[in-house]
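**Q** First to last, the sequence lines map onto chains A and B. So the first sequence is residues 6 to 133, counted in the working numbering. So the second sequence is residues 6 to 133, counted in the working numbering.
Protein chains: 2
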Amino acid sequence: MKFSTKAEYGLRAMVNLASCFPELKNIKSISQEEKISAKYLERLIGELRERKIVKSLKGKNGGYVLARKPEQITAGEIIEIMDGSMVPKCYGNQCTHMKTCASSFVWIKLGEQIRKTLYGIKLSDLIK
Amino acid sequence: MKFSTKAEYGLRAMVNLASCFPELKNIKSISQEEKISAKYLERLIGELRERKIVKSLKGKNGGYVLARKPEQITAGEIIEIMDGSMVPKCYGNQCTHMKTCASSFVWIKLGEQIRKTLYGIKLSDLIK
DNA sequence: ATTAAAGCATACTAAATTAGTAGGATATAA
DNA sequence: TTATATCCTACTAATTTAGTATGCTTTAAT
């Protein structure tokens with residue numbers, strides 16, 4: 006079971022923005038501070054922007070700011086945007102979490118726990 | 006965030022064996038019942054055998070049995086063997102869950118919850 | 001002993017996903 | 001007008017996942 010670097014990068018970038026909130030910061034700075042490829046990060050933050058987690062300002066002196074206060078953004082939101090649904094699915098089988106598949110119980114229970122955990126962590130909890 | 010089909014196949018196969026425990030069942034039967042490629046499943050169960058979750062009997066009339074009673078085997082054990090560690094890691098960074106990386110808190114918390122959940126589910130909970 | 005039915009071992013391959021690059025278009029503050 | 005930033009899209013390389021193929025070994029039944 007794993008999360009992608011994408012989720013980690015996205016989370017780190019948002020924590021970074023949280024700690025200078027409400028100031029703007031540009032990709033170059035974030036990427037240097039977090040040691041993440043600037044071009045790649047640019048795309049990742051783009052997805053977070055589409056989903057209204059961050060706002061951007063173009064042009065000279067532009068950059069990104071959190072779209073909401075750090076206490077109003079959760080790790081769950083970010084990770085779900087970066088990595089897709091956190092509720093693990095049954096594959097191969099035609100089973101779509103019906104009672105036909107005994108093991109689907111496991112994925113349902115687990116999904117609930119993961120969501121509960123990650124949606125319970127706010128960006129404000131992650132800045133010192 | 007996702008689990009592989011490997012984890013799901015392994016779990017389904019073990020649930021299947023749990024429901025006929027303590028009888029032997031061979032790969033062919035399991036693969037037909039669970040609609041999983043026999044050859045692939047053979048390899049997956051091989052890994053579970055190395056890790057002492059199932060025992061095998063070779064030769065004619067051979068097959069597999071759970072190595073322990075269904076109430077003594079957890080979903081966590083199976084999934085961890087199939088899919089590797091369930092504790093999500095930080096990658097890119099040199100960060101090995103030190104306090105340097107604010108977001109590592111997230112992975113630590115989450116890992117704890119995932120383990121707690123999956124190690125709390127026994128095969129005996131999964132058979133009707 | 002012979003045979004057939006099972007597991008065991010290893011190597012290969014195809015498909016999908018992930019991670020990262022590249023190059024330019026567009027917007028805007030100075 | 002220009003420099004600096006985001007935005008957009010396509011491409012590529014690497015890795016992982018899923019699955020196949022082939023043959024060997026073990027063992028119960030005959």
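Beta carbons: idealized from backbone N, C-alpha and C, even for Gly.
Could you compute how far the alpha carbon of residue 97 of chain A sits from the alpha carbon of residue 33 of chain A?
**A** Locating residue 97 of chain A in the first sequence gives position 92, counting from the first residue. Locating residue 33 of chain A in the first sequence gives position 28, counting from the first residue. The predicted position of residue 97 of chain A is uncertain, since its pLDDT is 43 and thus under 50; no value can be drawn from it.
**Q** Below 8 Å on the Cβ atoms is my contact criterion, and I expect residue 18 of chain B with residue 47 of chain B to pass it. Report the Cβ-Cβ distance as a whole number of Å.
**A** Residue numbering aside, residue 18 of chain B sits at position 13 when the second sequence is read from its first letter. Residue numbering aside, residue 47 of chain B sits at position 42 when the second sequence is read from its first letter. Not really, about 10 Å apart at Cβ, beyond 8 Å.
**Q** I want to see whether chain A comes within less than 7 Å of residue 103 of chain B, judged by CB atoms only; does it?
**A** Taking the second sequence and counting its residues from 1, the one referred to as residue 103 of chain B is at position 98. In this predicted model, residue 103 of chain B has a pLDDT of only 46, less than 50, meaning its place in the structure is not dependable; the value taken from the coordinates is given anyway. Not closer than 7 Å to any Cβ of chain A, the Cβ of residue 103 of chain B fails to qualify, so no.
**Q** Taking only beta carbons into account, state which residues of the region 64-78 of chain B come closer than 8 Å to chain A, listed in chain order.
**A** none
**Q** Can you give me the C-alpha to C-alpha distance between residue 25 of chain B and residue 122 of chain B, rounded to a whole angstrom?
**A** For the purposes of this step, residue 25 of chain B is taken as the residue at position 20 of the second sequence. For the purposes of this step, residue 122 of chain B is taken as the residue at position 117 of the second sequence. Straight-line Cα distance between these residues: approximately 25 Å.
**Q** Starting from the Cα of residue 29 of chain A, find the closest Cα among A:8, A:23 and A:70 and give me that residue.
**A** In the first sequence, residue 29 of chain A corresponds to position 24, counting from 1. Closest option to residue 29 of chain A, Cα to Cα, is A:70.
**Q** Need the endpoints of the alpha helix (DSSP H) that residue 81 of chain B sits in, please.
**A** Your numbering for residue 81 of chain B matches position 76 in the second sequence. DSSP places residue 81 of chain B in the uninterrupted alpha helix (DSSP H) bounded by 80-88.
**Q** For residue 20 of chain B, return the contacting residues in chain A, with the cut-off set at a CB-CB distance below 7 Å.
**A** Sequence index remark: in the second sequence, residue 20 of chain B carries index 15 (1-based). Within 7 Å Cβ-Cβ: 107 and 108.
**Q** Quick check: the Cα distance between residue 75 of chain A and residue 20 of chain A, rounded to an integer number of angstroms?
**A** Here residue 75 of chain A is taken as the residue at index 70 of the first sequence, counted from 1. Here residue 20 of chain A is taken as the residue at index 15 of the first sequence, counted from 1. One C-alpha to the other measures close to 8 Å.
**Q** Would you kindly check if the distance between the Cβ of residue 86 of chain B and the Cβ of residue 53 of chain B is under 7 Å?
**A** Here residue 53 of chain B is taken as the residue at index 48 of the second sequence, counted from 1. Here residue 86 of chain B is taken as the residue at index 81 of the second sequence, counted from 1. Going by C-beta atoms, residue 53 of chain B is nearer than 7 Å to residue 86 of chain B.
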